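*Asks:* Here the protein sequences come in this chain order: A and B. For the first sequence, the working numbering begins at 18 and goes up steadily by one. For the second sequence, the working numbering begins at 4 and goes up steadily by one. Backbone N, C-alpha and C define an ideal beta-carbon position, used for all residues, glycine too. Every value quoted in this text rests on a predicted model; they were computed, and no experiment measured them. Below is a structure I'd like to ask you about.
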Amino acid sequence: MNTDVEDLLRSGMEQFTTEVRAPAGLAEAAGRRQRQRRRRVVARTAVACGTVAVTAAAVALVVVTGGSRAPAPGTALSPAQARTVAYVTRRVEAALASENLVFVARSDNETTGNYVTWAYGPRSRWEAFTSSSCGHVLANGNCTNRGGSEPVWAQGTALVGGRLVGAYVTYFDHRYSLSPRVPQLRPWQASACSTNAALSLAAPIIPTVHWSSYIHATLACGAASVTGHVRVDGVETTEITGKPDTVKLSAGYTKVVKAKFATVRWTLYVSPATYLPVRMVGSTQTYGDGSSYTSSFVTNVQWLPATPANVAKALVTIPPGFHRYFGLDQ
Amino acid sequence: MADDRTVGELERFLAERADRLMRTAVLLTGSRDAGQDLLQTALERLLRHWRRLDGDPEGYLRRTLYNLAADGFRRQGRLQRKLLLLRAGEPPPADPITEVDLRDALVRLLLQLPPRQRAVLVLRYWEQLTEAETAAVLGWPEGTVKSAASRGLQRLKDLADGWQNTDSHAELKGQRA
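Following this line, the structure appears as structure tokens:
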């Protein structure tokens, strides 16, 4: 029962405050109040001690009153304070320094295959592997329908002559292409507030630049809401569910997929402390022209330390013996 | 010193974290107005110490928020707490055991707990700190945190059990009346 109460309390607190936003001008108001307070202190001190000592006394009072738990530089901390400072510092650093971690995402889909994404700053490698239904891919791109998962293609950035360039490698025909343009990472938007941005969230996850602010902005515009707390692989996460979005497909696309509409659904599981994603579940359902098909992805995300080995994995490498072609890089 | 530059720095700091801090303050006090008041007071203290802080304004602000709240911030919210008590005594709509209603009821019951128990539960289940970390933030011994959390949870559990059937709920309401 305790666990139930704890879970309900946790999600209840999230629900109770979900609409709460800080009013504007908090800092200015605090500054004003502090100035008023200083004036009162100065006035009182002047009465008690005479005007000669006013400035020094006011400064001293301001320094010693209130909030005495704050560690002053050079002051020895108690073990409890040291633990607190260490904890809060860790937490804030984790929130702010996500760019210093290597992002690794693995997405699985039985039909379309599996994807692994590595990203670190402007570096990225997005690699596709065959599904079990495809097996081995022949040089002409056809599946043998036998065999296990194998890399099909990779795209992202490569280091060529000490510079980052765009790269695309197809393993099955041993070819690669380079482009002077470094690919943009999706979702490049600042939030998932637009339909186009929401659409990209149903696909295998690709990192954004600032996850925390991306999610905050998405919640603020109502494109998603906090729907609970869930343990993912033993880790407590906040569940954020996107509002289902439906788009009418273009005439050409309708012909190909034999459907008129697509509805996108996604749920993101994020660390409550940092708002960095841990898992994402997305699906796209196409329907409306006599057929209905749903494609779904589960993407698990890891954040690894930026060791040289991990950073190196965020680059596409061109295997020896592969031939360069110039179709896409002009 | 609250010069314009300091206020500007504080504004930049708040641009990222104010919403979360405001939500914490609302949970600690039970209402937006009281939460805003609490946050303002904590910010004022932060501003006083801004120059001397060693790169960790959020940690300082959080400790101040929780300590102010645990000390029964202003001790003048009695009317507000009575109003919350009355609201908590209202029967949940239609199906009394739906999870959403119970969540809402639990938070309202949380707001009736003594400030110290409430601060501990918010730290434990909102901030998701361990007992040791909670103790460190509040500057209390770990045993005190343990017992406050246990008493607070037990009280919530008892009250939540009361919601499970209408009869006991009516009884609870009768006791409060």
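Going by C-alpha to C-alpha distance, which of A:A207, A:L176, A:F189 and A:D190 sits closest to S196 of chain A?
*Replies:* For S196 of chain A, the nearest C-alpha among the options comes from A:L176.
*Asks:* Please compile the residues from chain B whose C-beta is within a distance smaller than 8 angstroms of the C-beta of V37 of chain A.
*Replies:* Those are D22, M25, R26, V29, R35 and G38, listed as they occur along chain B.
*Asks:* Could you work out which residue in A:S141, A:A41, A:L43 and A:V133 is closest to A331 of chain A when comparing CA atoms only?
*Replies:* It is A:S141.
*Asks:* Need the endpoints of the alpha helix (DSSP H) that N213 of chain A sits in, please.
*Replies:* From DSSP, the alpha helix (DSSP H) with N213 of chain A extends over T212 to S217.
*Asks:* CA-CA distance, G299 of chain A and S124 of chain A?
*Replies:* One C-alpha to the other measures close to 10 angstroms.
*Asks:* Run down chain B in chain order and give the residues with a C-beta less than 7 angstroms from the C-beta of E45 of chain A.
*Replies:* V10, listed in chain order.
*Asks:* Return helix, strand or coil for N126 of chain A, following the three-state DSSP convention.
*Replies:* Note: N126 of chain A maps to coil in three-state DSSP.
*Asks:* I want to see whether chain B comes within less than 8 angstroms of T271 of chain A, judged by CB atoms only; does it?
*Replies:* Not closer than 8 angstroms to any Cβ of chain B, the Cβ of T271 of chain A fails to qualify, so no.
*Asks:* Which stretch, first to last residue, makes up the alpha helix (DSSP H) that contains W135 of chain A?
*Replies:* Careful: W135 of chain A lies outside any alpha helix (DSSP H), inside the beta strand (DSSP E) at N131 to Y137.
*Asks:* Q131 of chain B CB to nearest chain A CB: under 8 angstroms?
*Replies:* It does: the Cβ of Q131 of chain B has a partner Cβ on chain A nearer than 8 angstroms.
*Asks:* Could you give the first and the last residue of the continuous beta strand (DSSP E) run that contains W129 of chain B?
*Replies:* Taken as a continuous stretch (DSSP letters only), W129 of chain B belongs to no beta strand (DSSP E), as it is neither H nor E.
*Asks:* If I'm right that A219 of chain A touches T301 of chain A with Cβ under 8 angstroms, what's the distance once you round it to whole angstroms?
*Replies:* That pair is a contact at about 5 angstroms.
*Asks:* Does the separation of the CB atoms of A73 of chain B and R26 of chain B fall below 8 angstroms?
*Replies:* Not in contact: A73 of chain B and R26 of chain B (Cβ atoms no closer than 8 angstroms).
*Asks:* Using the Cα positions of A47 of chain A and P139 of chain A, report the straight-line distance between them to the nearest angstrom.
*Replies:* Each residue's Cα considered, the two are about 39 angstroms apart.
*Asks:* Just verifying my parser: in three-state terms, what is the DSSP assignment at L24 of chain B?
*Replies:* If DSSP states are grouped into helix, strand and coil, L24 of chain B belongs with the helices.
*Asks:* Who does N317 of chain A pair with in a DSSP beta bridge?
*Replies:* Its beta-bridge partners are A:R123 and A:R296.
*Asks:* Interface residues of chain A around V110 of chain B at Cβ under 8 angstroms?
*Replies:* Simply L26, G29, M30, Q32 and F33.
*Asks:* R9 of chain A CB to nearest chain B CB: under 8 angstroms?
*Replies:* Chain A is shown only over 18 to 347; residue 9 of chain A falls outside these bounds and no answer can be derived.
*Asks:* Does chain B have any CB closer than 8 angstroms to the CB of V295 of chain A?
*Replies:* It does not; no Cβ of chain B falls within 8 angstroms.
*Asks:* For the alpha helix (DSSP H) holding Y69 of chain B, just list the boundary residues, first then last.
*Replies:* P60 to A73 is the extent of the alpha helix (DSSP H) around Y69 of chain B.
*Asks:* For a contact defined as C-beta to C-beta under 9 angstroms, what are the partners of Q43 of chain B on chain A?
*Replies:* Result: L43, A46, A47 and R50.
*Asks:* Consult DSSP for D24 of chain A and reduce its assignment to one of helix, strand or coil.
*Replies:* The answer is helix: DSSP assigns D24 of chain A an H, G or I state.
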